[in-house]
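Numbering (the numbering used here), first residue to last: 1 to 248.
A short write-up of the structure that comes next.
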């Protein structure tokens, strides 16, 4: 998410604030009860903002003005259950697409450097798809994110010498989860499959038990793609918006 200020509330909940009077908060945390989440929201609405966007696994009924924008699921792939030999009819489409990518000279590179090539692909991606304002925020802040943080990496896909797409990857070490929250592609038909397989191999080789491939964002096609790779819905995501009454 685009953010001019980021911090962890109570060392637990990520908060993103921009210069347009909006704040976003992610209310997830193992063992966290609703009281802690409500207290977090009560503190955040004291900030000089007009809108608080909230992502949480449950609705916060304590706030009468809160509106549920949509409900989604966060999809995870169990690395140990995935057959990297791609045997059987369930892997037929994956086998075919990976063979096509190999014939076309696809290969990958892992980096932390966000360059003008990434910005070009990002700009093309933004013109080809319709995004929610939150998505624009997240995408446009990638350059700043990699300049200011020492975690997270970029899994690049090349066709020959040409960069054709990339995934953002991050890691939850305590839970052995590799997170793939974003994929930006010029040639999405093969690039997405090629990078998904590469990400799964990277997770396996580095001891991660799950790959979090994010929500379906209300898209039947995106959900179908995740399920093709044996991703299952693991956590409910409730996206809520709270209009903040000015105290000034």
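The beta carbon of each residue, even a glycine, is placed where N, CA and C say it ideally should be.
In this text, all values refer to a predicted model and were calculated from it rather than measured experimentally.
Counting other Cβ atoms within 10 Å of its Cβ, residue 184 reaches 16 or more and is therefore classed as buried. Going by DSSP, residue 200 is part of the alpha helix (DSSP H) stretching over 188-205. In this structure, the CA atom of residue 55 is about 38 Å from the CA atom of residue 87. A direct Cα-to-Cα measurement between residue 220 and residue 233 gives close to 13 Å. Contact check for residue 37 against residue 240 fails: the beta carbons are separated by 9 Å or more. The count of Cβ pairs closer than 8 Å, one atom from the segment 37-53 and one from the segment 73-84, stays below three, leaving the stretches out of contact.
Boundaries of the beta strand (DSSP E) around residue 23: 22-26. Taking the CA atoms as reference points, residue 92 sits about 17 Å from residue 81.
By the neighbour-count criterion, in which a residue is buried when 16 or more other Cβ atoms sit within 10 angstroms of its Cβ, residue 8 is exposed. Going by beta carbons, residue 108 and residue 157 fall inside the 9 Å limit. The closest CA to that of residue 123, considering only 142, 105, 12, 106, is found on 142. By the neighbour-count criterion, in which 16 or more other beta carbons inside 10 Å mark a residue as buried, residue 35 falls on the exposed side. Runs of the beta strand (DSSP E) spanning 3 or more residues and lying entirely within the segment 55-85 occur at 66-78, in chain order. Taking C-beta separations shorter than 8 Å and ignoring five residues to either side along the sequence, the partners of residue 98 in its chain run 86, 193, 194, 197, following chain order. Per DSSP, the beta-bridge partners of residue 241 are 53, 67.
Separation of the CB atoms of residue 79 and residue 210 is rounded to 6 Å, and the pair is thereby assigned contact status at 8 Å.
Looking at the backbone, the Cα of residue 27 and that of residue 205 are separated by about 31 Å. According to the DSSP secondary-structure assignment, residue 107 is paired through a beta bridge with 158. For residue 106, the closest C-alpha among the options 95, 190, 118 is that of 190. Approximately 6 Å separates the beta-carbon atoms of residue 155 and residue 199; this is inside 8 Å, confirming the contact. From the listed residues 21, 165, 94, 96, the smallest Cα separation to residue 120 is found for 165. Shown here for residue 69: same chain residues with a beta carbon closer than 6 Å to its own, the five before and five after excluded, namely 239, 241 in chain order. The Cβ atoms of residue 61 and residue 21 lie no closer than 9 Å to each other. Taking each of 231, 162, 187, 150 in turn and checking the Cα distance to residue 180, the smallest one comes out for 231.
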